[in-house]
Amino acid sequence: MIPKFLKKRIFKAPVATDHTASTPEFEAEMLPVASTLYANAPINQLYRKLSGQLLDVAVKPKLLGELPEFDDDDNILRFYVLQDYSRSNSILIDLQTQEHNLPPALVGVQDITHDIKENAAIIFLHHPHAKDSQLSPRLSRLVAAVLQHPELQVRLVPVSILWGRAPEKEDSLFKLLTADNWEDPSITKQLFNIGVMGRDTFVQFHPPQDLRTLINDSLKGDGEGFSVFDSVASDLKDSLAQDTLLEDRLLKDSLLDDTLLKEGALEDSGLTANILNNSAAKNSKNIINEVDEAPSYAMVAAADGNRELVRSLQQQLNIYLDKQRASMLGPDLSDRRNLVDKLVYSPAIKNAIEAEAEASGISVREARALAKGYANEMVNDYSHSIVRGFYKFLTWLWTQLYDGVEVHHFERVRELAADYELVYVPCHRSHVDYLLLSYVIYKRGLSIPYVAAGDNLDVPVLGPLLRGAVAFYIRRSFRGNALYTAVLREYMHTLITRNTPIEYFIEGGRSRSGRLLPPKMGMLAMTVHSQLRRTNKPVVFIPTYIGYERIMEGGTYVGELKGKPKESESLIGLLKVGRKIERIFGNVHLSFGTPLHLSDFMQKFDVPANSLPADRTDTPLDDKTSAMVDNIGVKVMQHINKAAVITPVSLLSLVLLSAPKAALDEDICREQIALYQGLAQHLPYSDDTIITDMTPQQIIDYGIKLKLIERIPHILGDIIQVAGKQAALLSYFRNNILHVFILLSFLSALVARNGRIERSRLNSIAEQLYPFLQSELFLYYSAHGLQETLNKKVDSLLASGLIVELSDGMLSVPETNSKCYQQLQVLATPVEQSLERYFMTLALLAQQGSGNLTENEVVDLCHLLGQRLSVLYADDIPDFFDRALFTSFIGALIRLDYLQKDEETGILTFDQRIGNIAHHAKYVLSPDMMQILQQVASLNEEEIAHAITEISNKKQRKFGRKRS
Numbered sequence: 010m011i012p013k014f015l016k017k018r019i020f021k022a023p024v025a026t027d028h029t030a031s032t033p034e035f036e037a038e039m040l041p042v043a044s045t046l047y048a049n050a051p052i053n054q055l056y057r058k059l060s061g062q063l064l065d066v067a068v069k070p071k072l073l074g075e076l077p078e079f080d081d082d083d084n085i086l087r088f089y090v091l092q093d094y095s096r097s098n099s100i101l102i103d104l105q106t107q108e109h110n111l112p113p114a115l116v117g118v119q120d121i122t123h124d125i126k127e128n129a130a131i132i133f134l135h136h137p138h139a140k141d142s143q144l145s146p147r148l149s150r151l152v153a154a155v156l157q158h159p160e161l162q163v164r165l166v167p168v169s170i171l172w173g174r175a176p177e178k179e180d181s182l183f184k185l186l187t188a189d190n191w192e193d194p195s196i197t198k199q200l201f202n203i204g205v206m207g208r209d210t211f212v213q214f215h216p217p218q219d220l221r222t223l224i225n226d227s228l229k230g231d232g233e234g235f236s237v238f239d240s241v242a243s244d245l246k247d248s249l250a251q252d253t254l255l256e257d258r259l260l261k262d263s264l265l266d267d268t269l270l271k272e273g274a275l276e277d278s279g280l281t282a283n284i285l286n287n288s289a290a291k292n293s294k295n296i297i298n299e300v301d302e303a304p305s306y307a308m309v310a311a312a313d314g315n316r317e318l319v320r321s322l323q324q325q326l327n328i329y330l331d332k333q334r335a336s337m338l339g340p341d342l343s344d345r346r347n348l349v350d351k352l353v354y355s356p357a358i359k360n361a362i363e364a365e366a367e368a369s370g371i372s373v374r375e376a377r378a379l380a381k382g383y384a385n386e387m388v389n390d391y392s393h394s395i396v397r398g399f400y401k402f403l404t405w406l407w408t409q410l411y412d413g414v415e416v417h418h419f420e421r422v423r424e425l426a427a428d429y430e431l432v433y434v435p436c437h438r439s440h441v442d443y444l445l446l447s448y449v450i451y452k453r454g455l456s457i458p459y460v461a462a463g464d465n466l467d468v469p470v471l472g473p474l475l476r477g478a479v480a481f482y483i484r485r486s487f488r489g490n491a492l493y494t495a496v497l498r499e500y501m502h503t504l505i506t507r508n509t510p511i512e513y514f515i516e517g518g519r520s521r522s523g524r525l526l527p528p529k530m531g532m533l534a535m536t537v538h539s540q541l542r543r544t545n546k547p548v549v550f551i552p553t554y555i556g557y558e559r560i561m562e563g564g565t566y567v568g569e570l571k572g573k574p575k576e577s578e579s580l581i582g583l584l585k586v587g588r589k590i591e592r593i594f595g596n597v598h599l600s601f602g603t604p605l606h607l608s609d610f611m612q613k614f615d616v617p618a619n620s621l622p623a624d625r626t627d628t629p630l631d632d633k634t635s636a637m638v639d640n641i642g643v644k645v646m647q648h649i650n651k652a653a654v655i656t657p658v659s660l661l662s663l664v665l666l667s668a669p670k671a672a673l674d675e676d677i678c679r680e681q682i683a684l685y686q687g688l689a690q691h692l693p694y695s696d697d698t699i700i701t702d703m704t705p706q707q708i709i710d711y712g713i714k715l716k717l718i719e720r721i722p723h724i725l726g727d728i729i730q731v732a733g734k735q736a737a738l739l740s741y742f743r744n745n746i747l748h749v750f751i752l753l754s755f756l757s758a759l760v761a762r763n764g765r766i767e768r769s770r771l772n773s774i775a776e777q778l779y780p781f782l783q784s785e786l787f788l789y790y791s792a793h794g795l796q797e798t799l800n801k802k803v804d805s806l807l808a809s810g811l812i813v814e815l816s817d818g819m820l821s822v823p824e825t826n827s828k829c830y831q832q833l834q835v836l837a838t839p840v841e842q843s844l845e846r847y848f849m850t851l852a853l854l855a856q857q858g859s860g861n862l863t864e865n866e867v868v869d870l871c872h873l874l875g876q877r878l879s880v881l882y883a884d885d886i887p888d889f890f891d892r893a894l895f896t897s898f899i900g901a902l903i904r905l906d907y908l909q910k911d912e913e914t915g916i917l918t919f920d921q922r923i924g925n926i927a928h929h930a931k932y933v934l935s936p937d938m939m940q941i942l943q944q945v946a947s948l949n950e951e952e953i954a955h956a957i958t959e960i961s962n963k964k965q966r967k968f969g970r971k972r973s
């Protein structure tokens, strides 16, 4: 590095009268400039090149986020904003701008029209030589220029530079050594960053901000911090009588400043103040008339006002960059032992301990030890070394497992990260979800969330590693354990108040069928409970869709759906999964849905903020808040489905499993795939839904590559069929996107099974059965707007030629020997399974009579009947008799008051309306299928008693294995 005194001699040049600097590019904001810009001098070009090459050897920065997008306008001036002055930071930014073809950082910015000559395009908010109460000189000059020239356009690009991404430890020596608040960053610190952190350096360019817009917002009080308009206007109102004196003083100061400038007697900091004063003098005549009007530039024309303006802008930019840094690093970490102690001795847990001691008849000391044990069970032990190790390992692992990890809509998360408490609520498909989502978030530059994981994952080797990276463990069930609940609530509240991102799987467990499971409200209620106890930031939920094209646990899921006991997690199980690494798993997709703001729900349900005591965890939620929690849970599931990704595998699964014997002529298969793509694009399920851009032929070839389907050569045309034993697995991926096409399938089935049907009759039947489909598949269409939605779906089918509209509102199938007729039959098939389940359940209830079965007995019997039906008459695809689907249907019947449930006994009662629902099934199901369902559901009392006894015994054996 060239010594400072030598650089001054080398770069010394004749002094000009303009106000640019002449010292090196990153420290020379202060002094008068040479007539030739320093950045363009040959010696500077050599210095810039050599220093850049030296830094490039030691530092390998990683770019986070998206590159800034600039307008194609040469008249716009662009400057990069950094918080702290540093030679290494300046050179690093210059290298990054060169690498990514951005406007250069260490090249002079010259605009003769507006008297702007700056030696570099970097603004340091904390410059070591800054005068005038530590105002940034370059920012001050640019503000003055914008005030003087209404047509001038300046864009500021805030930039974050991280030398390492380890969250800081509270009161650590390392934090003291690497602190960024030294008065003058030393060469020692810069060399330490380069040598130790050079390979772990990250750069993020934030979206450009228009300086004039920032000024306007600051004048109006819309920016961060105080309102310049309010402060200046108040001062001016107090001095209206002295306006003439003010103008005289400003003019005198202006003349004096001009004289001093000509003599070259002022340093850059003085120049900054004089430029501001000159601007003030030109505008001071208009001050008095506009004091009581809307904020204007005249209002801040005075020198003091302009300094306050610059100070406000600088404060806004500092706060913005501080928030961005916090969103990338997360909060400072507390030692795990200290955190456990803080939890146990917090006022809320003290109350819970005393209550536990009184209720259990034990001493307070024993209750405290119990609470401490619970805290040790769950508290995360974050280690950046483990996180870095996982990151490198997973980077390798994903390349072995997947062709790619596709991420959609992540920028909406980044926009919220600085100002909100992020709560990620993904669907749960696989154990890989834990690592995959954290990996994606970390790779894209945000702080990884703490993941609520079931204690079944706290196994030797893997458990401690996950705890050191992302996981905090909770028991699968803790109903009735008040102290454990209190400790978990307080830990959640601690994480949220420390602005730690959190992730939990709202379904509670992995879906075995590919459909979303009903939401579990426990963690959601704890999040709401914490927000109502007062937190630092508003909570926002991030619904996240995760979609695979092959899944590691696929075989296990099929076995469990068929009744095989669930395997416990273990090291041996982990090693078995490791054997699958060389298999082909295609792509995996993460799609971040539209964020859900808790404040919006609080306003909708009239739930007041800060309505719970801060020092209690046991305050119950009232009815309004409980209803709000339930609504949030449903909306989260609906938004996950809205963010679905229609992958090649899911499309293939939907098409082939709807065909007889899961096989189609290849030409017909291509046409059916193209039809589904066209329907999804013409009338998208949601703006967030992603549709594969592969062609139908590419989709077929891709399925063959993954060994999910196979091509059977034939002289009359090749046949595409599901590969052996893959049908059950493909049903999983079909169910991932079933909600996108279910209404189209339902409407197609109503027309296809009846030949002709009145449009009004079709809408009536659809409205009657829609709530059950909505409950099963978390459809987001509201009931009051359903008519419009149905009409759009019917119009889409008409436009595709799948149905035909006759006179008098009659809908009909196309010609029976046409291609459209065959396509209609395939499209009508997916909804049949759902309606068969509904009819079978209703037939069982009607046959057994009101008041004879409990809710659990109905679900268990329907599960058994579904198994039998699948083996005897269907294709033995186990998701047909998934217990969760029957639970969802019974729950919908109760919610819609078709069934009444006794809260003490669980007995279900009903009236004749049950038969009315079943009556609609005849419009979709064939007479033969309805007869089969009736026969299967016909059980006598002896068969019912035997089945219930066997189910009870099986559950007891399963419970016994879990306890052991």
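Heads up, the working numbering is the position in the sequence shown plus 9, with the first residue counted as 1.
By construction, the Cβ of each residue, glycine as well, lies at the ideal position given by its N, Cα and C atoms.
What is the DSSP secondary structure of residue i, counted as helix, strand or coil?
i    : result
G531 : helix
H723 : coil
Q921 : coil
T509 : coil
T634 : helix
R5   : What the structure shows of the chain is the stretch from 10 to 973, and residue 5 is not part of that stretch, so it cannot be assessed.
Where residue i and residue j are concerned, what is the direct C-alpha to C-alpha distance, given to the nearest angstrom?
i    : j    : result
R320 : H158 : 20 Å
T494 : I102 : 49 Å
Y907 : D920 : 8 Å
C871 : I899 : 11 Å
V212 : Q105 : 8 Å
A129 : G454 : 27 Å
D219 : L228 : 14 Å
E951 : V867 : 16 Å
V414 : D331 : 30 Å
F550 : G642 : 10 Å
A357 : T544 : 15 Å
Which residues in the same chain have their Cβ closer than 8 Å to the Cβ of residue i, if we skip the five residues on either side of it in sequence?
i    : result
V813 : L807, L820, S821, V822, P823
M637 : V537, F610, M611, K613, F614, V616
R6   : In the structure displayed, the chain extends from 10 to 973; residue 6 sits before or after that span and is not available.
Could you give the C-beta distance for residue i and residue j, rounded to a whole number, given that I count them as a contact under 8 Å?
i    : j    : result
L111 : Q162 : At roughly 17 Å, the Cβ-Cβ gap does not stay under 8 Å, so L111 and Q162 are not in contact.
Q681 : Q832 : 6 Å
Q323 : L144 : 7 Å
Y554 : A653 : 5 Å
Quick one: using the 10 Å Cβ neighbour count with 16 as the cut-off for buried, is residue i buried or exposed?
i    : result
Y711 : buried
W986 : The structure shown does not extend to residue 986, since the chain is modelled only from 10 to 973, so the question has no answer here.
A792 : exposed
V470 : exposed
L881 : exposed
N596 : buried
V373 : exposed
K401 : exposed
D869 : buried
N315 : buried
What does a CB cutoff of less than 7 Å around residue i pick up in its chain, not counting 5 residues either side in sequence?
i    : result
G472 : L466
R498 : M535, H538, T626
Keeping to the same chain, check which residues put their C-beta closer than 6 Å to that of residue i; ignore five residues upstream and five downstream.
i    : result
V90  : I132, L165, P167, L326
S522 : N744, D888, D891
Y790 : T798
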